[in-house]
Structure formats: C-alpha cells, structure tokens
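Protein sequences appear in the order of chains D and B. Each residue of the first sequence is one higher than the one before, starting from 138 at the first, in the working numbering. Each residue of the second sequence is one higher than the one before, starting from 21 at the first, in the working numbering.
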Amino acid sequence: MISFNNVGMRYGMEAEVLRDISFELPQGSFHFLTGPSGAGKSSLLKMLYLAHRPSRGRLEMFGQNVTDLKRDDLPRLRRRIGVVFQEFRLLDHLTAVENVALPLRIAGGSGREIDQHVEELLVWVGLKDRMKSRPPVLSGGEKQRVAIARAVIAKPDLLLADEPTGNVDPAMSERLMHLFVELNKLGTTTVIATHDMNLVRKIGAPQLHLRDRFVSRLDGAGDII
Amino acid sequence: MTSRVVFLSDSQDRAATSLLPWVMAVMVYLCALALAGSLSLQGSLTAWTSDLTHRLTVQITVADPVEREKQTEAALSYLASVPGLESAERIDGDAMKDLLAPWLGRDNITNDLPIPSLIDIVVEKNKTINLTAVQARLRTISPQAVLDDHQQWLGDLMELSVVLQSTFWGIVLLVVLATICIVIFGTKAGMAEHRDTIEIMHLMGAHDTMIATEFQRRFMHHGFKGGLIGVVIAAITLFALAKLITQIEGSVLTTVSLSWIKAMAILLLPFAAAVFSAITARWTVMRELQRML
Chain D
138 MISFNNVGMR YGMEAEVLRD ISFELPQGSF HFLTGPSGAG KSSLLKMLYL
188 AHRPSRGRLE MFGQNVTDLK RDDLPRLRRR IGVVFQEFRL LDHLTAVENV
238 ALPLRIAGGS GREIDQHVEE LLVWVGLKDR MKSRPPVLSG GEKQRVAIAR
288 AVIAKPDLLL ADEPTGNVDP AMSERLMHLF VELNKLGTTT VIATHDMNLV
338 RKIGAPQLHL RDRFVSRLDG AGDII
Chain B
21 MTSRVVFLSD SQDRAATSLL PWVMAVMVYL CALALAGSLS LQGSLTAWTS
71 DLTHRLTVQI TVADPVEREK QTEAALSYLA SVPGLESAER IDGDAMKDLL
121 APWLGRDNIT NDLPIPSLID IVVEKNKTIN LTAVQARLRT ISPQAVLDDH
171 QQWLGDLMEL SVVLQSTFWG IVLLVVLATI CIVIFGTKAG MAEHRDTIEI
221 MHLMGAHDTM IATEFQRRFM HHGFKGGLIG VVIAAITLFA LAKLITQIEG
271 SVLTTVSLSW IKAMAILLLP FAAAVFSAIT ARWTVMRELQ RML
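Take a look at the structure:
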C-alpha cells in the first residue's frame, strides 16, 4: 500500500533531513513511528500526508508514484488520509462539530446525516457537552480529541497521528488508542508517531524507528526485524 | 463536483481586507464621474451638431443703421427666393439683447449701440445649398455680409470633445487597472492571513477551486459593497453638478445632460465592480495556489 524506496528529503537547499529511507507498509498494518526528537519523524509524516514530496527516491501510495504525481491528483489521495497533527491545527472560528465535519464536507457530503454522524463520534470521544465550543475555549486534551475525531470521521485508508495521546489522561489515552486499534481492524493502515514507549509496549505493534536520518524496523518488543 | 464549504474566518478576513470596500468605493466614484462626463458629453455633442448642421447665419455689419436696415431687407428678400431653405428670419432686437446680455450685461445694451443684423437660416433636411453662390450674391447686396455655416466652431468643438472623451475613457481605464491591482494585493493579503487554514484545507483534500470559490465570494461582496457606496456618492455629486450647471444662464453647458439609459449604465457600476473583484480574486488565488503543493 505504501512503499518507500531509497527516499531522501530536504527542505530547499538544506542538507537532507531523511536519507535512503526504504520500507513498506502493507494495507491494514499498524506501526508506531519512534525515535528521538529531531530524528525526522515529522518530516516522514509530512511525506506520508502529502505535504512534502521526496527530494529523491520513489514513494508509492495507494498504487501511485507520489514522486511525480500531478498536483491536481493530490486532493483525491489526500481524502484517503486522516491526520492528527501534534499542534492539532483546528480552525479556531469553527465549532467542534464543524471542525470534525470538514473532511466530509470537503468530500462533497452535506446535510443532517453528516451532523448526526459527527455528533455520535464526538459523544464517543467524550465531548458531548463541547460540540458547539470553538477551539480557543477547549483544553489541550479536548482539542486533541476533536483533532482525532476529524482525522477518523471519513474512515480513511491511512491514519497518521503525531503524538495523539500527549495531552490526555491515561484513561482517555487508552480509549483513544482503542479507537485507533478498532479502525485498524476495519482495514485502516495506521502510523502513530510517539515518544511514549509504555504505549508502544502495551499495544505491541511493530515500530519504524528513526535515528540519525535513517529508518529501521523493530518488532513490538523493540528488537530489529 | 465540490459543495461550498465555509472555512474562512470573518475576523481574519476583516484584518486583511477591512479597507478594501472603501478603496473600491473611491475607485467606483472616480469611474462613475469619468463615465458620466464622457457619456453626457457624447449626448451634448450630438445635440449641438444636429442643431447646427442645418443652420446658417448671415451677419450684416454696416455701421449706418438706415443702410444696415435696407441691406438686411434686401438680403431677406433674396434668401426667400433661394430654393432649399426652410426659413430665413431676422433675429429681432429682444433676441439680440438676450444673446449679448451674458457678455455685455443687459443694462449696457443701449439703442445707439451698433449691433449687426443677424439672419437665422434653416436649411431643409437632406437639401444641399451652394454656399459660395449664396455668399457671392449676398456680397452684391451688402459688401460686408458674412455667411457663417458654423463649421469652424463645430470643428473646434468636435476636437475639444474628442480630447475630453478620450481623457474620460483614459481615466476609466486607469481606474479599472488600479482596481484590479488593489484586488490582487487584497487577495494576496487575505491569503497570507488565512495561510494556515488554506494549508489544512489542502491537506484534507480540498481542491483549489473550492478555496478560490470562497475567496471569490468574499471579494465579490467587498466589490459590490464598495461599488454601492461609490455610486451613491457619485450620484450625489452629479446631482449637485447638474443643479449648478442649470443655474449658469445662456451657457452651452446647459445642454450637458445624462439620459436615463446612460444613468442606468452608471448605476450598474457596483455590479461591474463585484464581477471584476470576483474574477480577479479567483484568478489570483488559483495562481497563488499553484505555488503550493
């Protein structure tokens, strides 16, 4: 489903932040993306959510070579990807419901059905009383849950999350991870960037471990595969 | 097919484009005045030329009033026999005083003032007169008789009118170009203000057209609002000018007027401003988005 083949990435004319990255993510797989700060996790995620193209190498997603994909073809692929950004990136002037409904509306949906669907999901993530609230009045944990709901509402083929449980209490963290696992069981390929090794051990999924701009694959116990 | 998604923040939009409707108002105001000037001049010129093309004036400038009277009567009886003339009438004393009053003042026109005789001739429509022959015959009646077909005056007037009209249209063109530049700058400022939102929308799969449509709608609103303000102020200005012009007695300016149809064209300016703004904003957004991934 996703294939990196000797991919390198740089910003402008700077030195490469990722070098010779090669790995494959089969459809329906679940991976953690781990590594120390500055190792390139965010850059790797940027390529995965199509915010940045590789500087070299070949990146294939959903059977298409992203490296030389036309700009007009990107929206179609992006609609198959759900992203939870580390800094949430919610639209401050929209309510929680409106933020979560955005991916469905962008995809052309409309009407009461969307609202109902969105409200159900917000209830599930514990934001029943905050549906009409706007992000500036939400706590960090609440914003994070809105961001997660927005990422999963359209049942994406690929779910990417950058530290998705960093701002919530352990109980909610477990609940959200359960949501990711359930989505994964329904066929969504999932990549979660995290520093929380307890979480990694608990779920026991394999890791893509970034270090010194290179990637290696580790199993759930942290051993190189 | 994409449905409309409202995703731009009004408060951010205000920060970037709050002055835009006012700038648009100034532009539409200038445009309306220039357009009104050009259109009214065009109408007036048509009226002047159609009025004067079929008219001739004979001027008899003899100082001796008795001799002048004799020559004028002889000229009138000759003109009555010329085929193709609808009428040849002497301009009487009161009418002459009316003509001279704006220049000399009514009280200064006394009976002993040597005023030449004027004969106003109306040529039949679609008839041609041999002006050289008429002039020659009039000279035998009165050696100082002058036949004026107004061509010199009309020529100068036409020349002035063409220059004025070109200037007005030049102003309209410059205003349109300046408006386009203002909308481009405004759109870029708006995009910079909403940059993060645009990026998020892109990452969620929004097409450029969806983003451009939202900007286009906003700038169309700004353009219409500014256009409406500008055209209302222009209408007040034009109304005041028209009032002033009608107060200038005996001036050629009194024939300067704007027909209702032409006035309606000016009233359409807010719609034109809206359409211009929308098209320019859309073009700018689409062009700018091409630079993003």
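Ideal Cβ positions, reconstructed from N, Cα and C, are used throughout, including at glycine.
Below 6 Å CB to CB, which residues in the same chain sit around His346(D) once its five sequence neighbours on both sides are set aside?
The sequence position of residue 346(D) within the first sequence is 209, counting from 1. Only Thr171, Gly172, Ser353 and Leu355 meet the Cβ criterion.
Please determine, among Val255(D), Arg213(D) and Lys207(D), the residue with the shortest C-alpha to C-alpha distance to Met221(B).
Residue 221(B) sits at position 201 when you count from the first residue of the second sequence. Among Val255(D), Arg213(D) and Lys207(D), the Cα nearest to that of Met221(B) is on Arg213(D).
Chain B beta carbons: is any one of them nearer than 7 Å to that of Leu228(D)?
Against the first sequence, residue 228(D) aligns to sequence position 91. Interface residue (Cβ-Cβ distance to chain B less than 7 Å): Leu228(D) is classified as such.
Mind pulling the chain D residues with CB within less than 8 Å of Thr217(B)?
Counted from its first residue, the second sequence places residue 217(B) at position 197. What Thr217(B) touches in chain D: Leu228.
In chain order, what residues of the same chain have a beta carbon less than 7 Å from the beta carbon of Phe351(D), not counting five sequence neighbours either side?
For the purposes of this step, residue 351(D) is taken as the residue at position 214 of the first sequence. Once the five neighbours on either side are set aside, the close Cβ partners of Phe351(D) are Arg156 and Asp157.
Which residues, in order along the region 217-250 of chain B, keep a beta-carbon less than 9 Å from a beta-carbon of chain D?
Thr217, Glu219, Ile220, Met221, His222, Leu223, Met224, Gly225, Ala226, His227, Asp228 and Met230
Buried versus exposed call for Gln253(D) [16 or more other C-beta atoms within 10 Å across all chains shown]:
Residue numbering aside, residue 253(D) sits at position 116 when the first sequence is read from its first letter. So Gln253(D) ends up on the exposed side.
On a CA-only basis, which of Ile256(B), Ile218(B) and Val295(B) is nearest Val25(B)? Give me that one, please.
On the second sequence, residue 25(B) is found 5 positions in, with the first residue counted as 1. The option with the nearest alpha carbon to Val25(B) is Ile218(B).
Applying the criterion that 16 or more other CB atoms from any shown protein chain within 10 Å of the CB defines a buried residue, is Phe141(D) buried or exposed?
What you label residue 141(D) is simply residue 4 of the first sequence in a count that begins at 1. Buried is the call here.
Drop a sphere of 10 angstroms on the beta-carbon of Glu235(D), count the other beta-carbons inside from all chains shown, and report buried for 16 or more, exposed for fewer.
Here the question's residue 235(D) lines up with position 98 in the first sequence. Buried is the call here.
Assign Thr148(B) to buried or exposed, taking buried as 16 or more other Cβ atoms, counted over all protein chains shown, within 10 Å of its Cβ.
Position 128 of the second sequence, counted from the start, is the residue given in the question as residue 148(B). By the neighbour-count rule (16 or more Cβ atoms within 10 Å), Thr148(B) is not buried but exposed.
I'd like to know whether the C-beta atoms of Ala291(D) and Val220(D) end up nearer to each other than 7 Å.
On the first sequence, residue 291(D) is found 154 positions in, with the first residue counted as 1. On the first sequence, residue 220(D) is found 83 positions in, with the first residue counted as 1. It is not a contact, given that the beta carbons lie outside the stated cut-off.
Per the contact definition of three or more C-beta pairs closer than 8 Å, is the region 299-311 of chain B in contact with the region 71-86 of chain B?
no
Against chain B: residues of the region 158-188 of chain D by CB proximity under 8 Å
For the region 158-188 of chain D, the beta-carbon criterion of a distance under 8 Å to any beta-carbon of chain B is satisfied by Tyr186, Leu187 and Ala188.
Any beta carbon of chain B sitting closer than 7 Å to that of Arg354(D)?
Position 217 of the first sequence, counted from the start, is the residue given in the question as residue 354(D). No, its Cβ sits nowhere closer than 7 Å to a Cβ of chain B.
Arg216(D) CB to nearest chain B CB: under 7 Å?
One-based indexing of the first sequence puts residue 216(D) at position 79. Yes - at least one Cβ of chain B is within 7 Å of the one on Arg216(D).
If you measure from the beta carbon of Asp33(B) to each beta carbon in chain D, is any gap under 7 Å?
Here residue 33(B) refers to the residue found at position 13 when the second sequence is read from its first residue. Judged by the 7 Å Cβ criterion, Asp33(B) is not in contact with chain D.
For Thr37(B) versus Gly206(B), is the C-beta spacing smaller than 7 Å?
The sequence position of residue 37(B) within the second sequence is 17, counting from 1. The sequence position of residue 206(B) within the second sequence is 186, counting from 1. Yes. Within cutoff.
Would you kindly check if the distance between the Cβ of Pro191(D) and the Cβ of Val154(D) is under 7 Å?
In the first sequence, the residue the question calls residue 154(D) occupies position 17. In the first sequence, the residue the question calls residue 191(D) occupies position 54. Taking 7 Å as the Cβ cut-off, Val154(D) and Pro191(D) do not qualify as a contacting pair.
For Leu105(B): DSSP bridge partner residues
Numbered from its first residue, the second sequence carries residue 105(B) at position 85. Paired residues: Val143(B).
Tell me, which residues are paired with Val78(B) by DSSP?
Along the second sequence, one-based indexing puts residue 78(B) at 58. Ile139(B) and Leu167(B), per the DSSP bridge assignment.
How far does the alpha helix (DSSP H) with His241(B) in it extend, from its first residue to its last?
Mapped onto the second sequence, residue 241(B) falls at position 221. Its alpha helix (DSSP H) spans residues Asp228 to Thr266.
Just by C-beta distance, which residues in the region 243-276 of chain D are closer than 9 Å to chain B?
Ile243, Ala244, Gly245, Gly246 and Ser247
Using a Cβ cut-off of 7 Å (strictly closer), state whether Cys201(B) contacts chain D.
In the second sequence, counting from the first residue as 1, residue 201(B) sits at position 181. Cβ-Cβ to chain D under 7 Å: no for Cys201(B).
Assuming Gly263(D) contacts Arg282(D) (C-beta within less than 8 Å), just tell me the rounded distance between them.
Counting from 1 along the first sequence, the entry for residue 263(D) is found at position 126. Counting from 1 along the first sequence, the entry for residue 282(D) is found at position 145. Right, the Cβ-Cβ distance comes to about 7 Å (below 8 Å), so this counts as a contact.
If the criterion is Cβ atoms closer than 7 Å, does the pair Ile329(D) and Phe169(D) meet it?
Locating residue 329(D) in the first sequence gives position 192, counting from the first residue. Locating residue 169(D) in the first sequence gives position 32, counting from the first residue. Yes, they are a contact pair.
7 Å Cβ cutoff, Pro293(D) in contact with chain B:
As a working note, residue 293(D) is residue 156 in the first sequence. No, Pro293(D) does not count as interfacial toward chain B.
Taking three-plus beta-carbon pairs below 8 Å as touching, is the region 190-207 of chain B in contact with the region 42-58 of chain B?
yes
Whole angstroms is fine: what's the gap from Ser60(B)'s alpha carbon to Ala67(B)'s?
The residue given as residue 60(B) occupies position 40 in the second sequence. The residue given as residue 67(B) occupies position 47 in the second sequence. Going from the Cα of Ser60(B) to the Cα of Ala67(B) covers about 11 Å.
Please state whether DSSP places Ala342(D) in a helix, a strand or coil.
Indexing the first sequence from 1 puts residue 342(D) at position 205. In the three-state reduction of the DSSP assignment, Ala342(D) falls in the coil class.
Establish whether the CB of Pro191(D) and some CB of chain B are separated by less than 7 Å.
Stepping through the first sequence from its first residue, residue 191(D) is reached at position 54. No, no contact with chain B.
Would DSSP call Met138(D) helix, strand or coil?
For this step, residue 138(D) is matched to residue 1 along the first sequence. In the structure shown, Met138(D) falls within a coil segment according to DSSP collapsed to helix, strand and coil.
Beta-carbon proximity list for Arg75(B), same chain, < 8 Å, skipping 5 on both sides:
Counted from its first residue, the second sequence places residue 75(B) at position 55. Excluding residues within five positions, the ones whose Cβ falls inside 8 Å are Asp140, Ile141, Val142, Val143 and His170.
Measure how close the beta-carbons of Met314(D) and Ile340(D) come, nearest whole angstrom, since I'm counting them as under 8 Å.
Indexing the first sequence from 1 puts residue 314(D) at position 177. Indexing the first sequence from 1 puts residue 340(D) at position 203. Right, the Cβ-Cβ distance comes to about 6 Å (below 8 Å), so this counts as a contact.
Below 8 Å on the Cβ atoms is my guess for Met116(B) versus Gly250(B); work out the distance and round it to an integer in Å.
Sequence index remark: in the second sequence, residue 116(B) carries index 96 (1-based). Sequence index remark: in the second sequence, residue 250(B) carries index 230 (1-based). At roughly 47 Å, the Cβ-Cβ gap does not stay under 8 Å, so Met116(B) and Gly250(B) are not in contact.
Report the neighbours of Phe27(B) on chain D: residues whose CB is nearer than 8 Å to its CB, in chain order.
Start at 1 with the first residue of the second sequence, and residue 27(B) comes out as number 7. By Cβ distance, chain D contributes Leu228, Leu231 and Leu239.
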